[in-house]
Amino acid sequence: MIIYSCHGGAKQVTGSCHLITCNDRKVLIDCGMFQGSDEVERGNAEPFGFDPAGIDVVLLTHAHLDHCGRIPLLVRQGFRGRIIATAATRELARIVMLDSAGIQEEDARRAQRKNRRAEPVKLPLYSMDDALHALDFFAADVSYDETIPIVDGIRARFLDAGHILGSASILLDIDDGTQQRSMLFSGDLGNPGRPILRDPTPAPAADYVVMESTYGDRPHRSVPDSVDEMYQAIRDTVTRRGNVVIPSFALERTQEILYYLHRGLRTGAIPQHVRIFLDSPMAISATEIFRRHPECFDVNFQQELQHGDPFAMPGLHFTRETAESMAINNVDGGAIILAGSGMCNGGRIRHHLKHNLWRERSSVVFVGYAAEGTLARRIVDGAASVRIFNEDIPVRAQVWTINGFSAHADQPSLLAWLGEQPRRKVFLVHGEYDRGMHALQEVLEQRGFHCQLPGPHEPIKID
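Here it is in structure tokens:
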């Protein structure tokens, strides 16, 4: 018997976690953190819905926090199996999990300092030691298009998902002794036509497909138009003698924005005298990892690398230390500040928003997805003021939302990836329930596909 169950990303965007049970062997695809409102994030401390000690193997599609962020907790609660991923994913997951542990420890210390008598004492979900311990379970790296045995009755093939460096869709061939079935997990699919990574590998033949639906309800703006709009935002803001604050995800989005800033300086699309601050230790480390994995790059980008480093440019400052980050707040204008997190729910970006949101001269440029309940979403939705570090900050800066930079496939790209070949069923996950999921379900069913939206922890027999 083959059983599939979804323990994260079920009727919501974040927390990707999928379980396949076959012949008493258990394979987990992803183990991510829930991100968004306080209510959503409380789900991180709730039971997984399965026994971590009973999991044989974790297959990791990519290194975003909402796909790998609960792996240290899985280990803390008894997992002792193997974790399999591409080499780039393993390297990126290391910095993501360690960063997450560090933030949790600091948040716990801050909460305890503010209310020493609070009961119960706030504890981090997991510690730095837990994150380091989790790294011990990463097995040999897997390459794209390589088929490998996972457990008895299950083989896996990793396919390029084009989402972030090292990201993969995963095709499982499953044999329970009485039937053979194939099951494809899309992971997060990239937006085709971006400059650094290859386009996603189209979905191969598979009986069942577990498919993300983040932007299942709409198309993206074109990349060239989005780049031009970003350049316009920068020119307008610099002319007003303000700062441009760009909340950016450390993996992929930051490197892509650096690439376009480099091009804008080279072509004169943005002022030559602008100063650029990459204020994210994780993004700086991720950029260094990018340089080590040319096997993931698009062929045109590989050719560009032969003529110089597209991530380097005059006026670019990497700020790892806290003191360097704080000094940026003394810059009165003419700066581009990239900092994480992209959803503004943590990290150094909140400090830069606190110092720039109230300034009419400045701009905040959103270049990625903002989940419901996040600070980024409140700003995007037009809040007159927002609360940052227990202080109400008026929103007077100009707010730009440019969705063409998204690392997620839009509805037309999702449909093109899936193709027309028949499937027994398509499971839709990782999307806003009343937007992306339902919209994509409607379109797919019009095309003759049988769709299902799994509920949290719902066991589904694969026949």
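First residue of the sequence shown? That's 379 in the numbering used here, and the numbers climb one at a time after it.
Glycine included, each C-beta is placed from N, C-alpha and C at the ideal position.
Three-state secondary structure assigned by DSSP to I624: strand
Should the stretch 739-746 be called in touch with the stretch 760-776, which here means at least 3 C-beta pairs below 8 Å? yes
If I'm right that N621 touches G720 with Cβ under 8 Å, what's the distance once you round it to whole angstroms? Incorrect: roughly 18 Å between the Cβ atoms, too far for contact.
Using C-beta distances below 6 Å, list every residue in its chain close to H640, excluding the 5 sequence neighbours before and after it, in chain order. P688 and M691
Using a Cβ-Cβ distance under 8 Å, would Y382 count as near chain C? In summary, chain C is missing from the structure at hand, where a single protein chain is found.
How about A465 and S505: do their beta carbons lie closer than 8 Å? no
Which residue wins for smallest C-alpha separation from R631, given the options L562, I542 and A512? Ranking the options by Cα distance to R631, first place goes to I542.
Could you check if T665 is buried or exposed, using at least 16 other CB atoms within 10 Å of its CB as the buried criterion? buried
So, at 6 Å on beta carbons, what are the nonlocal neighbours of A647 in its own chain, with the 5 sequence-adjacent residues on each side left out? Y609
Using the C-alpha atoms, what's the distance from I757 back to D841? 46 Å
For the stretch 512-524 against the stretch 461-476, are there 3 or more C-beta pairs whose distance is under 8 Å? Yes: the two stretches touch, three or more of their Cβ pairs being nearer than 8 Å.
Excluding sequence positions up to five away, which residues of its chain have a Cβ less than 8 Å from the Cβ of K500? D485, A486, A489 and Q490
Given a cut-off of 8 Å, decide if P450 and A509 are closer than it, judged by their beta-carbon atoms. yes
Using the C-alpha atoms, what's the distance from P582 back to K404? 24 Å
D434 and V588 closer than 8 Å at C-beta: no
4 or more residues per run - each alpha helix (DSSP H) lying fully within the stretch 725-762: 727-734 and 753-758
Can the beta-carbon of V821 be found closer than 8 Å to that of G387? No, these two residues do not count as a Cβ contact at 8 Å.
Between D402 and G544, what straight-line distance do the alpha-carbon atoms span, to the nearest angstrom? 30 Å
At what residues does the beta strand (DSSP E) containing F536 begin and finish? I532 to D538
CB contact flag (Q413, L443, <8 Å): yes
Could you tell me which of I780, I552 and H733 sits nearest to Y747, measuring between CA atoms? Looking from the CA of Y747, the closest CA among I780, I552 and H733 belongs to I780.
Contact set for S564: own chain, Cβ-Cβ below 8 Å, skip 5 residues either direction: The answer, listed in chain order, is A539, S547, A581, V587, V588, M589, E590 and W795.
Report buried or exposed for L550, applying the criterion of at least 16 other Cβ atoms within 10 angstroms of its Cβ. Buried.
With distances taken between CB atoms, is the gap from K732 to I766 smaller than 8 Å? yes
How should G594 be labelled, buried or exposed, when 16 other C-beta atoms within 10 angstroms of its C-beta is the threshold for buried? buried
CB L452 to CB C409, shorter than 8 Å? It is a contact, given that the beta carbons lie within the stated cut-off.
Three-state secondary structure (DSSP) of C674: helix
Which residues bound the beta strand (DSSP E) around I381? I380 to G386
In three-state DSSP terms, what is E699? coil
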